[in-house]
Structures are given as C-alpha cells and as structure tokens.
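Reading the sequence shown from the start, the letters are residues 65 to 236 in our numbering.
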Amino acid sequence: HKGQFMLMLGNLGVIAASEPILKFFGGAQNNGTRSYLLTMGMFCLIAVPMLWRTAFKCKEVVKIPEKQPAVSMKDRVRSVGSKPILSMILGMLTHGLIYYGRATIYPYYFTYYCGRPGPIVGYGVVTGLSGVAGCLIAPALHKLLKHKARPNVCNLVLMGVTTMLIFFFPPT
Numbered sequence: 065h066k067g068q069f070m071l072m073l074g075n076l077g078v079i080a081a082s083e084p085i086l087k088f089f090g091g092a093q094n095n096g097t098r099s100y101l102l103t104m105g106m107f108c109l110i111a112v113p114m115l116w117r118t119a120f121k122c123k124e125v126v127k128i129p130e131k132q133p134a135v136s137m138k139d140r141v142r143s144v145g146s147k148p149i150l151s152m153i154l155g156m157l158t159h160g161l162i163y164y165g166r167a168t169i170y171p172y173y174f175t176y177y178c179g180r181p182g183p184i185v186g187y188g189v190v191t192g193l194s195g196v197a198g199c200l201i202a203p204a205l206h207k208l209l210k211h212k213a214r215p216n217v218c219n220l221v222l223m224g225v226t227t228m229l230i231f232f233f234p235p236t
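This is the structure:
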C-alpha cells in the first residue's frame with residue numbers, strides 16, 4: 065500500500081504544480097495547446113526515469129519450478145478466454161477508463177464549461193486527498209471485508225462519484 069500512497073502524493077504534486085507550469089509554458093499569448101503539450105512532455109520526462117527506477121529496484125522474484133512442463137503458444141492463447149483472465153482484463157480496462165477518463169474530463173470541463181481552469185487545482189487536490197485517505201484505510205478495509213476485490217470495486221465507484229460531483233456542484 066506504500067506504493068499507492070506515494071502514487072497519490074505524486075498525483076497531488078502534479079495537480080498542484082500544473083496551473084503555474086501551464087501559465088509559464090503558455091507564454092504572453094497564453095497558448096493553451098503549446099502549454100499543455102510542453103507541460104505533459106515535462107511530466108513524462110520526469111515520470112519515465114521514476115518508472116525505470118521502480119522496475120529496477122523491484123525485489124520481487126518469481127521462481128518457476130524446474131520440472132514444470134513448457135506451455136505451448138496455442139495453450140497460452142486459449143487461456144486468454146478463461147474467466148479469471150477476462151475478469152482481470154475487464155478490471156484493468158475499467159480502471160484505466162475511469163482513472164484516465166477523469167484526468168481528461170477535468171481540464172476540458174473547467175476550461176470550456178466553467179470558462180476558467182483555475183478551480184481544477186482545488187478540485188483535484190480535494191479528490192486527491194480522498195485518494196490518500198483511501199490508501200491509508202485500505203489495509204483495514206481489506207481485513208474487515210476479508211476480500212481483496214471488494215475494496216477495489218468500492219474505490220472505482222467512489223472515483224466515479226467524485227467525478228460526477230462536478231456536474232452537480234459546479235464551481236461557477
């Protein structure tokens with residue numbers, strides 16, 4: 065859970081730093097396209113070495129028993145249709161759509177619907193703090209529910225609810 069906690073803190077940092085960096089890269093003409101492109105490029109340049117560091121520092125090692133028979137490519141392809149694999153693919157797709165969908169909805173909503181991108185920082189920090197709180201209570205929630213999937217489903221539902229709140233409580 066430490067990794068999730070650090071991810072949420074990183075997200076808060078990106079949210080808090082986005083507006084001033086966007087203004088800086090936008091220049092005197094306040095070029096929105098240029099500023100978004102340069103800001104996201106800068107964040108990517110920072111993120112890639114962090115991802116590589118995480119990958120190389122990972123101490124988890126999977127040991128395969130020596131006498132295990134090799135699985136043919138045909139059997140591997142067939143296993144993709146199994147219920148556990150399909151449920152994992154569906155879960156990852158759903159999480160990606162919700163998580164990154166939120167990230168793309170916010171700038172559009174605040175810039176074009178509200179007419180001012182300023183409140184995105186406050187709204188992002190509030191939802192980010194709820195994510196940090198979720199990371200802190202996740203271990204207790206896992207123990208209480210005695211199930212690993214239910215807290216994650218609750219997390220996805222809460223992410224959707226916080227995203228929909230901008231439509232019911234507009235910051236204008």
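We treat Cβ as the ideally placed atom computed from N, Cα and C, and that holds for glycine.
Assign residue i to one of three DSSP states: helix, strand, or coil.
i: H159; result: helix
i: K138; result: helix
i: S151; result: helix
i: H211; result: coil
i: V144; result: coil
i: P84; result: helix
i: G182; result: coil
Residue i and residue j look like a contact to me (Cβ under 8 Å); what is the Cβ gap, rounded to whole Å?
i: I85; j: G192; result: Contact doesn't hold; Cβ gap of about 17 Å is too wide.
i: F89; j: S99; result: 4 Å
Do you know offhand how far residue i's Cα is from residue j's?
i: T118; j: L71; result: 12 Å
i: G96; j: V141; result: 45 Å
i: K243; j: S146; result: For the chain, the structure presents residues 65 to 236; residue 243 sits outside this window and is missing.
i: Y176; j: C122; result: 42 Å
i: L157; j: L209; result: 24 Å
i: G155; j: H211; result: 16 Å
i: A202; j: G105; result: 32 Å
i: A167; j: Q132; result: 44 Å
i: I149; j: N94; result: 47 Å
i: V125; j: K87; result: 44 Å
i: I169; j: S143; result: 35 Å
i: I128; j: A134; result: 11 Å
i: Y187; j: H159; result: 20 Å
Let's see if you can read the secondary structure: which residues bound the alpha helix (DSSP H) around residue i?
i: I128; result: Element bounds for I128: n/a, residue is neither H nor E.
i: T175; result: It is not in any alpha helix (DSSP H) - T175 carries neither H nor E in the DSSP assignment.
i: P113; result: G96 to K121
Of all the CB atoms in chain B, is at least one closer than 8 Å to the CB of residue i?
i: K210; result: No chain B is part of this structure, which consists of one protein chain only.
Would you check if the distance between the CB atom of residue i and the CB atom of residue j is smaller than 8 Å?
i: E83; j: G179; result: no
i: F69; j: V189; result: no
i: P215; j: L205; result: yes
i: I162; j: P171; result: no
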